[in-house]
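Going line by line, the protein sequences match chains A and B. With my numbering applied, the first sequence covers 1 to 138. With my numbering applied, the second sequence covers 1001 to 1138.
Number of protein chains: 2
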Amino acid sequence: MSDLLERLRGRGWRLTAQRRVVAEVLDGDHVHYTADEVHAKAAELLPEISRATVYNTLGELVSLGEIMEVSTDGRAKRYDPNAHHAHQHLVCSRCGTIRDVHPVGDLLAGLPAEERFGFQVAAVEVTYRGVCPGCSTA
Amino acid sequence: MSDLLERLRGRGWRLTAQRRVVAEVLDGDHVHYTADEVHAKAAELLPEISRATVYNTLGELVSLGEIMEVSTDGRAKRYDPNAHHAHQHLVCSRCGTIRDVHPVGDLLAGLPAEERFGFQVAAVEVTYRGVCPGCSTA
DNA sequence: TCCTACATTAGACGTTGTCTAAGTCAAGAT
DNA sequence: ATCTTGACTTAGACAACGTCTAATGTAGGA
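Listed below in structure tokens is the structure:
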């Protein structure tokens, strides 16, 4: 976390209270908040923080590769601080919970050359869908 | 296409002019329109069709499994009439063009049991990203 | 042909995200 | 320590996408 702030300072970022608070909210594993959730949690620590600043800061962190955008439901985008380790997502079809997961093998290898239509394929995003333990017993 | 209308009639659907026009717009391969694009094209055939009807009809077709919802960019959802043949999507990072593609192998097999966290995993969605031929030469 | 439950419509409303203009402040220079 | 300046933050308007409601229209069976 302070690693993150160090890196950002190294890139010429001004370290404002607002940015520190957003970074703090995004600290942790299996964190997948929407922008408005980040804003709500940030406002508990710094009540006067504005929505625009949260959106701006999230956008900047995405551009810098420090966090990932995830859209698993076509609704609000979610932000995943675990951007430095390649991973995919497992989503509960009932409650929407998201887990980070690590499939084995080369995901790109599954797409044969004749199915690439001349594209230079660079990345793959995989979303596994199922029912989580909590929802299947309920 | 008329197959589709037959199936829907069999399920108790009223065949209105509006629903026929939406079905007609969604006919074809590699079709991935947004709701508003569907509305615009439908309005060329039936000028008085309303936005609400297009949204309603698309939602019903999704519930019936006749078309698929696709969200590749976190913006507007797109609708894919090719719902009866399992497939994934290849998206151009520059222009947003979407191709239907067919990866080989069992996509679910890539997720080991210890990475399933007790979920009953039922489906996988894969989005390949790259640059299409048109955009890479330009 | 008539009836009625289902379908459609216009437009208000909700959510999510972006933009602008004015004020504020972090951090280097002095 | 204070000054200066350009980057940062703010409130609120605006935009894109989608949903909902109440009034009206109509498909298809009786």
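Cβ coordinates follow ideal geometry from the N, Cα and C atoms, glycine included. None of the values given here were measured: they were computed from a predicted structure.
Quick check on residue i: buried or exposed, where buried means 16 or more other Cβ atoms within 10 Å of its Cβ?
i, result
"Glu1048(B)", "exposed"
"Cys1095(B)", "exposed"
"Pro1112(B)", "exposed"
"Glu1115(B)", "buried"
"Val104(A)", "exposed"
"His39(A)", "buried"
"Thr1137(B)", "exposed"
"Val1052(B)", "One detail in the question is off: residue 1052(B) reads as Ala in this sequence, not Val. Its Cβ having fewer than 16 others within 10 Å, Ala1052(B) is exposed."
Any idea which residues DSSP pairs residue i with across the strands?
i, result
"Gly130(A)", "Cys92(A), Val1121(B)"
Please go through the same chain and pick out, in chain order, the residues whose beta-carbon is closer than 8 Å to the beta-carbon of residue i, but skip the five residues on each side of it.
i, result
"Tyr1033(B)", "Val1025, Leu1026, Lys1041, Arg1078, Tyr1079"
"Asp73(A)", "Val91, Gly96"
"Arg9(A)", "Leu15"
"Val1121(B)", "Leu1108, Leu1111"
"Leu1058(B)", "Val1022, Ala1035, Val1038, Ile1067, Tyr1079"
"Arg11(A)", "Leu64"
"Gly1028(B)", "Pro1081"
Starting from the C-beta of residue i, find all residues in its chain whose C-beta is less than 7 Å away, skip the five residues before and the five after it, and write them out in chain order.
i, result
"Val1124(B)", "Leu1107, Leu1108"
"Val1021(B)", "Ala1042, Leu1045, Leu1046, Ile1049"
"Asp1100(B)", "His1030, Asn1082, His1087, His1089"
"Val1131(B)", "Cys1092, Ser1093, Arg1094"
"Val1054(B)", "Val1022, Ala1035, Val1038, His1039, Ala1042"
"Val126(A)", "Gln88, Pro103, Leu107"
"Cys135(A)", "Cys92, Arg94, Cys95"
"Gly1065(B)", "Ala1083"
"Leu4(A)", "Ala23, Glu66"
Can you tell me whether residue i sits near the ligand PLP, meaning its C-beta is under 6 Å from at least one heavy atom of the ligand?
i, result
"Glu37(A)", "Absence of the ligand PLP is noted for the structure shown, with no ligands found whatsoever."
Can you find the residues in the same chain that come closer than 6 Å, C-beta to C-beta, to residue i, ignoring five residues on each side of it along the sequence?
i, result
"Trp1013(B)", "none"
"Arg129(A)", "Val91, Ser93"
"Glu1069(B)", "Val1062, Lys1077"
"Ser71(A)", "Lys77"
Start-end ranges of the beta strand (DSSP E) lying completely within the stretch 1017–1101 of chain B, minimum 3 residues: 1068–1070, 1078–1080, 1088–1092, 1098–1101
Cβ contact check for the stretch 13–22 of chain A and the stretch 80–99 of chain A: 3 or more pairs under 8 Å: no
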